[in-house]
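Okay, so the sequence shown: first residue is 11 according to the working numbering, each after it adds one.
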Amino acid sequence: MLVRYINILHINGFLRVSLRLEARWPNVF
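Structural data, given as structure tokens:
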């Protein structure tokens, strides 16, 4: 259960960073 929870947090963090980069540099994506 703990590993799955950590994986979910990691994926959410990665998506947040991706959305931030996309918002800053929309032309790159």
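Think of the CB as a built atom: it goes at the ideal place given N, C-alpha and C, for glycine as much as any other residue. As the structure is a computational prediction, the values presented were derived from the model and not from experiment.
Between R34 and R14, the alpha-carbon positions lie close to 30 Å from each other. Separation of S28 and I16 (C-alpha to C-alpha, rounded to the nearest whole angstrom) is 18 Å.
E32 and L25 have their C-alpha atoms spaced approximately 10 Å apart.
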